[in-house]
Amino acid sequence: MTTMHPTLHHLTLTALILTITTLQSPTSSTDFTFNSFTPSSNLLFFGNSSLHKSPNLISLTNDSPFTIGRVLYPTRVPTKSPQKPHQTLPFSTSFIFSIAQVTNFLPGHGFVFIFVPSIGINGTGSAQHLGLFNRTNDGSFENHVFGVEFDVFRNPEFNDVNDNHIAVNLNSLTSFASHPSGYWRFDEKSDGYFEDLKLNNGVNYQVWIDYWDSMLSVSIAPAGMKRPSKALIKVSVDLSSVFFDEMYVGFCGATGKLVESHRILAWSFSNTNRLVGDLLITSNLPNFVPRGGTSSVFRSKGVIAGVTLAVVFVLCCGVGVLVLVFKKRRRRRRSSKRDVEDFEEWELEYWPHRIVYQSIFEGTNGFAEENVIGFGGNGKVYKGVEGGVEIAVKRFLHKSEEGMKEFLAEVSSLGRLKHRNLVGLRGWCKRDKDSLILVYDYLENGSLDKRVFECEGNSMLNWEDRIRILKDVANGVLYLHEGWEKRVLHRDIKASNVLLDSEMNGRLGDFGLARMYGHGEGSSTTRVVGTVGYMAPELVRTGRASEQTDVFGFGVLILEVVCGRRPIEDGKPPLVEWLWALMEQDKLVSAVDERLKAKGGYGDEEVERILHLGLLCAYPEPNNRPTMRQVVKLLEGQSNVAEGIEGEGFDMRLLDKVKSTAMWSKYHHSSSSGGHPTFNELRQSMSSSMSLLWSDVMVDGR
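Per mature numbering (1 follows the signal peptide of the UniProt record, and there is no 0), the sequence shown runs over residues -29 to -1, 1 to 673.
#1: Which residue marks the beginning of the beta strand (DSSP E) containing MET218, and which one marks its end?
#2: Taking only runs of the beta strand (DSSP E) that begin and end inside the stretch 20 to 67, which ones reach a length of at least 3 residues, in chain order?
#3: Could you tell me whether the Cβ atoms of LEU229 and ALA98 are closer together than 9 Å?
#4: Can you grab the Cα-Cα spacing for the pair CYS223 / GLU555, in whole Å?
#5: Whole angstroms is fine: what's the gap from ASN6's alpha carbon to ARG478's?
#6: Below 9 Å between beta carbons: does that hold for SER(-1) and SER241?
#7: Determine the burial state of PHE84: buried for a count of at least 16 other Cβ atoms within 10 Å of its Cβ, exposed for fewer.
#8: Determine contact between the stretch 29 to 45 and the stretch 128 to 144, defined as no fewer than three beta-carbon pairs at a distance below 8 Å.
#9: Note down, in chain order, each residue of its chain lying with its Cβ closer than 6 Å to the Cβ of MET186, except the 5 sequence neighbours on either side.
#10: Have a look at the DSSP bridge pairing and note the partners of GLY153.
#11: Do you know how far the Cα of ASN433 is from the Cα of LYS570?
#12: Would you mind working out which of TYR154, GLY195 and ASN172 sits nearest TYR164, comparing C-alpha positions?
#13: If I measure Cβ to Cβ from ASP109 and keep anything under 6 Å in the same chain, skipping five residues before and after, which residues do I get?
#14: Consult DSSP for GLN72 and reduce its assignment to one of helix, strand or coil.
#15: With H, G and I counted as helix, E and B as strand and the rest as coil, what does DSSP make of LEU479?
#16: Is the Cβ-Cβ distance between ALA225 and PHE82 less than 9 Å?
#17: For LEU43 and HIS233, I'd like the C-alpha separation in whole angstroms.
#18: Under 8 Å by Cβ, that's how I've got GLY96 and PHE104 pegged, so tell me the actual separation to the nearest angstrom.
#19: Out of curiosity, what's the CA-to-CA distance linking HIS80 and PRO36?
#20: Which stretch, first to last residue, makes up the alpha helix (DSSP H) that contains ASN446?
#21: Between which residues of its own chain and ASN468 is the CB-CB distance below 7 Å, once the five residues before and five after are set aside?
#22: Could you give the distance in angstroms between the alpha-carbon of ASP216 and the alpha-carbon of TYR590?
#23: Helix, strand or coil for VAL87 per DSSP?
#24: Please name the residue in ASN594, ARG596 and GLY535 whose C-alpha comes closest to that of GLU427.
#25: Assign LEU141 to one of three DSSP states: helix, strand, or coil.
#26: Nearest-angstrom Cα distance between ASP184 and SER149?
#27: Using DSSP with H/G/I as helix, E/B as strand and the rest coil, what is GLU361?
#28: If the criterion is Cβ atoms closer than 9 Å, does the pair SER65 and SER239 meet it?
#29: What number of angstroms, rounded off, separates the C-alpha of LYS24 from the C-alpha of PRO257?
#30: Please return the same chain residues whose Cβ sits closer than 8 Å to the Cβ of LEU449, not counting the five positions on each side in sequence.
#31: How many angstroms separate the CA atom of SER406 from the CA atom of ASP420?
Dropping the structure here:
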């Protein structure tokens, strides 16, 4: 019998192990470790997420209601084997997080570790949607999203196990697997017991997530402890239908009426190394546990009994007060006018957003004239302070029927919409029967209209700023059309309704004409509303608004911002008609704002691309206009986009259509034979329509 030399045996075994490891490892590996986060980490931040200094950490939400934040690793990571496209690559990740309660708010909702196919927060919702999905797309197989959620609110519609749980999500917030938060402990005195961990007590927790051989495991423990020997969640799952070849990886979080902080302190990831958790430093971490913690005195039976009796007593008193208030309101409602009755019923639905009148009165110095920062057709806008935060206050005249309609439209739409490119509505107030008040975030840089037409020198927007703001507004309109549970038509997109925050980000505001519809539901109103120069031809003819009429308004906005010229100016041809004529003469670039020409910073090809897009959006035939999703992609420079059945390059073919001289020639000569109307015919149509419905048309300066 031949005996192998020990050294040779050792070398052979080592070579075999290396061979097996190589075969099992992905061809393209990704490994990174962040024991703190700095600008050099180059992570991608979206929504309300931010990078904090001292300590260096990630904050997913900003301690305020209805926020959404997302942070992603800057490049996609491989998730499928190049040799076997149907085989999902393994991965391991570990991170340290802290969820802490925020003063003056009830705590909620949570955050999610995610794999997603694209960047940004389009199609996501706040509150119970955790910044992951919204009511429209939740559960869709087209999401291609994998997540592990850390949630402190129980949503029965998602079959949550309790209000302190960890769960696995596949394209849906209805969890694939879930378990109350905690870990298994084993010692000599027991066969193992479960230790609950309260997720939002401010404690730093470490999480381990592994996916190897189609087996997913999730574990959690206080930072500094060893990884539990038994996983909290261990389940077999095939991610091949969820993952593309490459995916973005990171975190998202959200708040609603319930608010808490969501912090990521450290993070490691690998698709080759299962021991990534050992790379994280768990000592000398910042402490977010509230001072005093939870005293043991509150756990005594006597205190619990006393508190229980006190709560019962308060509830009984509260019920009695509510009964009296209800009776008083019912009597008042019976004796009031019809419009007040409608408002009172609506007021009951939206009471949580109400702000005390005295607070607003004091914050605006009694609505002092020196605090007026704007005017509307139904009232004034004041600058003020509420709770130490600068606010903008719009005060409507209650006696105006249009003011009442505008007020209700804003609260019922903007009051429930949360997006970084929409003006934030903080609350509302009703003062007797004299006035209605809306309170917004104060945006210190004013309106886009003023920045384009009333600023010179360094305060004037350069080319890069203008295009970035247009992208912001486009994302806001896309959210209105597709990203929420309802389809929202703004119906008055224009430069004066775009406001700029401290970082010059564009936010679409003034939802006084907005209307909400179910997805797939058409507009029922036939009232012509909007601003002259921004209204689509079919809106003037039929009075019916649609997503395409919003696209038309956005197209005019593009042209207005690039050219520095209003849609309609005395003694000049309408903006869109003027640009069509320039394009036929191949002089489109000459339309750029003269002040921009002096500054430069743009190329002729880019100018033509943006103006072509604006003209396409403002094309008279609604079916030839792009959708806002296509507009966003084109503004981002994605030229070859597969859109539904149209196939590759559909967006570019639309732009090519705009460039066709034959198309414009046909446009100008076909209206008499049933084709598109010329602008002269459109103006005649508008004149005849407005002579009948001028009271329903909100003209420029509303």
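Every residue gets a Cβ at the ideal spot worked out from N, C-alpha and C, and that includes glycine.
By the coordinates alone:
#1: In the sequence shown, the residue the question calls residue 218 occupies position 247. Here the beta strand (DSSP E) through MET218 covers 217 to 225.
#2: 21 to 23, 28 to 30 and 39 to 43
#3: For the purposes of this step, residue 229 is taken as the residue at position 258 of the sequence shown. For the purposes of this step, residue 98 is taken as the residue at position 127 of the sequence shown. It is a contact, given that the beta carbons lie within the stated cut-off.
#4: Taking the first residue of the sequence shown as position 1, residue 223 is located at position 252. Taking the first residue of the sequence shown as position 1, residue 555 is located at position 584. Using only the alpha carbons, I get a separation of about 48 Å.
#5: As a first step, residue 6 must be located in the sequence shown, where it is residue number 35. As a first step, residue 478 must be located in the sequence shown, where it is residue number 507. When rounded, the distance between both Cα atoms is 35 Å.
#6: Position 29 of the sequence shown holds residue -1. Position 270 of the sequence shown holds residue 241. Yes, these two residues count as a Cβ contact at 9 Å.
#7: As a working mapping, residue 84 is identified with position 113 in the sequence shown. Per the 10 Å Cβ criterion, buried.
#8: The stretch 29 to 45 makes no contact with the stretch 128 to 144: fewer than 3 CB pairs, one atom from each, lie closer than 8 Å.
#9: The residue you call residue 186 lines up with position 215 of the sequence shown. Cβ-Cβ distances below 6 Å link MET186 to SER207 in the same chain, with the five nearest sequence neighbours on each side left out; the list follows chain order.
#10: Reading the sequence shown from its first residue, position 182 is the one you call residue 153. The partner list for GLY153 (beta bridge, DSSP) reads ASP167.
#11: On the sequence shown, position 599 is the one that residue 570 refers to. On the sequence shown, position 462 is the one that residue 433 refers to. A straight line joining the alpha-carbon of LYS570 with that of ASN433 spans about 7 Å.
#12: Here residue 164 corresponds to residue number 193 of the sequence shown, with the count starting at 1. Looking at the Cα atoms, TYR154 is the closest of the given residues.
#13: For the purposes of this step, residue 109 is taken as the residue at position 138 of the sequence shown. SER143 and LEU144.
#14: Looking up residue 72 in the sequence shown gives position 101. Strand, per DSSP.
#15: Along the sequence shown, read from residue 1 onward, the residue named residue 479 stands at position 508. Strand, per DSSP.
#16: By 1-based counting over the sequence shown, the position of residue 225 is 254. By 1-based counting over the sequence shown, the position of residue 82 is 111. Cβ distance < 9 Å, so ALA225 and PHE82 count as in contact.
#17: For the purposes of this step, residue 43 is taken as the residue at position 72 of the sequence shown. For the purposes of this step, residue 233 is taken as the residue at position 262 of the sequence shown. Cα to Cα, LEU43 sits roughly 15 Å from HIS233.
#18: Taking the first residue of the sequence shown as position 1, residue 96 is located at position 125. Taking the first residue of the sequence shown as position 1, residue 104 is located at position 133. Sure, about 7 Å apart at Cβ, within 8 Å.
#19: Stepping through the sequence shown from its first residue, residue 80 is reached at position 109. Stepping through the sequence shown from its first residue, residue 36 is reached at position 65. Cα to Cα, the separation comes out at about 10 Å.
#20: The count along the sequence shown starts at 1 and reaches residue 446 at position 475. Element bounds for ASN446: 434 to 449.
#21: Taking the sequence shown and counting its residues from 1, the one referred to as residue 468 is at position 497. Around ASN468: LEU479, GLY480 and ASP481.
#22: Stepping through the sequence shown from its first residue, residue 216 is reached at position 245. Stepping through the sequence shown from its first residue, residue 590 is reached at position 619. Pairing ASP216 with TYR590, the inter-Cα distance amounts to about 38 Å.
#23: Within the sequence shown, the letter at position 116 stands for residue 87. Strand, per DSSP.
#24: Position 456 of the sequence shown holds residue 427. Out of ASN594, ARG596 and GLY535, GLY535 has the C-alpha closest to the C-alpha of GLU427.
#25: The residue labelled residue 141 in the question sits at position 170 within the sequence shown. Reduced to three states, the DSSP call for LEU141 is strand.
#26: Within the sequence shown, the letter at position 213 stands for residue 184. Within the sequence shown, the letter at position 178 stands for residue 149. The alpha-carbon atoms of ASP184 and SER149 are separated by roughly 20 Å.
#27: As a working note, residue 361 is residue 390 in the sequence shown. Residue state, collapsed to three classes: strand.
#28: Start at 1 with the first residue of the sequence shown, and residue 65 comes out as number 94. Start at 1 with the first residue of the sequence shown, and residue 239 comes out as number 268. Yes.
#29: Residue 24 sits at position 53 when you count from the first residue of the sequence shown. Residue 257 sits at position 286 when you count from the first residue of the sequence shown. Rounded to the nearest angstrom, the two C-alpha atoms are 12 Å apart.
#30: One-based indexing of the sequence shown puts residue 449 at position 478. Cβ neighbours of LEU449 beyond the five flanking positions: ASN93, MET599, ARG600, VAL602 and VAL603.
#31: As a first step, residue 406 is located in the sequence shown; it is residue number 435 there, counting from the start. As a first step, residue 420 is located in the sequence shown; it is residue number 449 there, counting from the start. Approximately 28 Å, taken between the alpha carbons.
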